[in-house]
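Visitor: Going by our numbering, the final residue of the sequence shown carries number 480, and the count climbs one at a time with no gaps. Here it is: the structure, laid out below.
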Amino acid sequence: MFSKFKRTNSNNPDENELDLNNIPKHIAIIMDGNGRWAQRKHLPRVAGHREGMQTVKKITIAASDLGVKVLSLYAFSTENWKRPNDEVNYLMQLPIRFFQTFVPDLIKNNVRVMVMGDITRLPEGTQKAVHDAINQTADCTGMVLNFALNYGGRIEIVDAAKQASQLVTDGKLTVDQIDEALLASLMMTSPLGDFEDPELLIRTSGEQRISNFMLWQLAYSEFVFVDEHWPDFDSDSLSNAIKIYQGRHRRFGGLETK
Ligand code: FPP
């Protein structure tokens with residue numbers, strides 16, 4: 223596909239070049255605007271989710287091609303159960319349709335599926351599709367495609383706090399041993415090791431909030447908000463967001479290092 227972004231491995235990219243040496247290792251995306259995309263076209267909201275699923279496929283391949291190590295996608299939040307039943311049911315079917323059609327491409331691209339969130343509340347068919355995809359891609363060593371399904375950032379932190387408390391109660395840990403590293407090890411992202419925290423969060427559709435997504439892990443992430451609705455987001459949009467990230471100076475509370 224034609225891309226307006228040239229790519230470079232040099233340390234001095236010109237204005238239109240993506241610096242391939244500075245691709246965020248972990249990108250998290252809040253895929254917003256499916257409903258508005260559909261509304262604009264006078265289609266039912268679920269048509270937006272269906273198109274959004276196609277965008278997930280395209281962006282997964284684009285991110286993998288760019289050398290991203292982890293792509294975390296907010297597919298269903300703990301709050302999304304409040305939507306009308308028909309829409310929730312449709313969203314629950316999407317992972318089944320997605321994995322049925324896309325696992326061979328994931329394997330071809332060496333992408334491994336991971337899920338965070340309480341999937342035990344999902345319908346059985348959805349749980350099975352998720353487990354099958356995780357198993358089928360278990361040997362892939364490239365990018366991790368991390369779906370947040372029935373996921374909430376606050377409940378994740380609450381659960382980590384409960385687990386830490388239990389370890390203290392069981393005498394396996396003292397209160398003084400509870401530190402950031404310990405809590406990080408109890409988060410759902412701990413299997414990602416060095417890549418557990420996203421360097422870049424993208425949210426589509428113009429809203430500028432994080433809606434209970436990866437609250438712990440986003441502490442030092444760069445946020446890029448784009449106006450496009452998720453179904454319109456493409457590989458150029460991804461490159462553009464990365465380009466914005468590359469123009470930022472990450473200091474982690476310290477001073478600029480040159
Ligand atoms: C937000 O748009 C989107 C969601 C709540 C669902 C995200 C799901 C997908 C992108 C489909 C792909 C999923 C899988 C598992 C492959 P919205 O409905 O809140 O849009 P609105 O704010 O315009 O109403």
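C-beta atoms are modelled at their ideal positions from N, C-alpha and C, and glycine is treated no differently.
Can you look up I517 in the DSSP assignment and give me helix, strand or coil?
Guide: Residue 517 is absent from the structure shown; the chain starts at 223 and stops at 480.
Visitor: Take G339 as the anchor and find which of I432, S457, I424 and M409 has the nearest alpha-carbon.
Guide: The count along the sequence shown starts at 1 and reaches residue 339 at position 117. Residue M409 is the option with its Cα nearest to G339.
Visitor: Ligand 1 and D254: does the residue's C-beta get closer than 7 Å to at least one heavy atom of that ligand?
Guide: In the sequence shown, residue 254 corresponds to position 32, counting from 1. Result yes, Cβ under 7 Å from ligand 1.
Visitor: Could you tell me if the beta carbon of M336 falls within a distance shorter than 7 Å of some heavy atom in ligand 1?
Guide: Along the sequence shown, read from residue 1 onward, the residue named residue 336 stands at position 114. No, Cβ of M336 sits at least 7 Å from all heavy atoms of ligand 1.
Visitor: Just how far apart, CA to CA, sit I249 and T348?
Guide: As a first step, residue 249 must be located in the sequence shown, where it is residue number 27. As a first step, residue 348 must be located in the sequence shown, where it is residue number 126. Approximately 25 Å, taken between the alpha carbons.
Visitor: Just checking, does the segment 321 to 340 make contact with the segment 383 to 403 on the three C-beta pairs under 8 Å criterion?
Guide: No, they do not touch.
Visitor: Which two residues bound the contiguous beta strand (DSSP E) that contains Y373?
Guide: Here residue 373 refers to the residue found at position 151 when the sequence shown is read from its first residue. V366 to Y373 is the extent of the beta strand (DSSP E) around Y373.
Visitor: Tell me whether A297, by its Cβ, gets closer than 7 Å to a heavy atom of ligand 1.
Guide: In the sequence shown, counting from the first residue as 1, residue 297 sits at position 75. Yes - ligand 1 has a heavy atom lying nearer than 7 Å to the Cβ of A297.
Visitor: Starting from R267, trace the alpha helix (DSSP H) both ways and give me its first and last residue.
Guide: What you label residue 267 is simply residue 45 of the sequence shown in a count that begins at 1. It spans R267 to L288 - the alpha helix (DSSP H) in which R267 sits, taken as one unbroken run.
Visitor: By the DSSP assignment, the alpha helix (DSSP H) with A260 in it spans what residues?
Guide: Stepping through the sequence shown from its first residue, residue 260 is reached at position 38. Residues N256 to R262.
Visitor: In three-state terms, what does DSSP make of D241?
Guide: Your numbering for residue 241 matches position 19 in the sequence shown. Three-state DSSP puts D241 in a strand.
Visitor: Are E450 and L422 touching if we call contact CB-CB under 8 Å?
Guide: Taking the sequence shown and counting its residues from 1, one reaches residue 450 at position 228. Taking the sequence shown and counting its residues from 1, one reaches residue 422 at position 200. No, they are not a contact pair.
Visitor: Can you tell me where the beta strand (DSSP E) holding R334 begins and where it ends?
Guide: Taking the first residue of the sequence shown as 1, we reach residue 334 at position 112. Looking at the DSSP string, the run of the beta strand (DSSP E) that includes R334 is R334 to M338.
Visitor: Three or more C-beta pairs under 8 Å: does that hold for the segment 306 to 323 against the segment 386 to 395?
Guide: Verdict: no, contact absent.
Visitor: Give me the residue from R431, V325, D241 and F298 with the minimum Cα distance to M314.
Guide: Sequence index remark: in the sequence shown, residue 314 carries index 92 (1-based). For the residues R431, V325, D241 and F298, the minimum Cα distance to M314 belongs to F298.
Visitor: Would the segment 286 to 298 and the segment 355 to 362 be scored as touching if the rule is three or more Cβ pairs under 8 Å?
Guide: As far as the Cβ criterion goes, the segment 286 to 298 does not touch the segment 355 to 362, which means the pair count is below three.
Visitor: Mapping the DSSP letters down to three states, classify I432 as helix, strand or coil.
Guide: Translated into the one-based positions of the sequence shown, residue 432 becomes position 210. Reduced to three states, the DSSP call for I432 is coil.
Visitor: For E418, does the count of other Cβ atoms within 10 angstroms reach 16, so buried, or fall short, so exposed?
Guide: Sequence index remark: in the sequence shown, residue 418 carries index 196 (1-based). Buried is the call here.
Visitor: State yes or no: is the C-beta of P266 nearer than 7 Å to some heavy atom of ligand 1?
Guide: By 1-based counting over the sequence shown, the position of residue 266 is 44. Answer for P266: no, Cβ out of range of ligand 1.
Visitor: Would you check if the segment 378 to 394 and the segment 254 to 263 touch, i.e. whether three or more CB-CB distances between them fall below 8 Å?
Guide: At 8 Å Cβ cutoff, the stretches do not touch.
Visitor: Among L460, V310 and V446, which has the Cα closest to the Cα of E301?
Guide: The residue you call residue 301 lines up with position 79 of the sequence shown. Minimum Cα distance to E301 is reached at V310.
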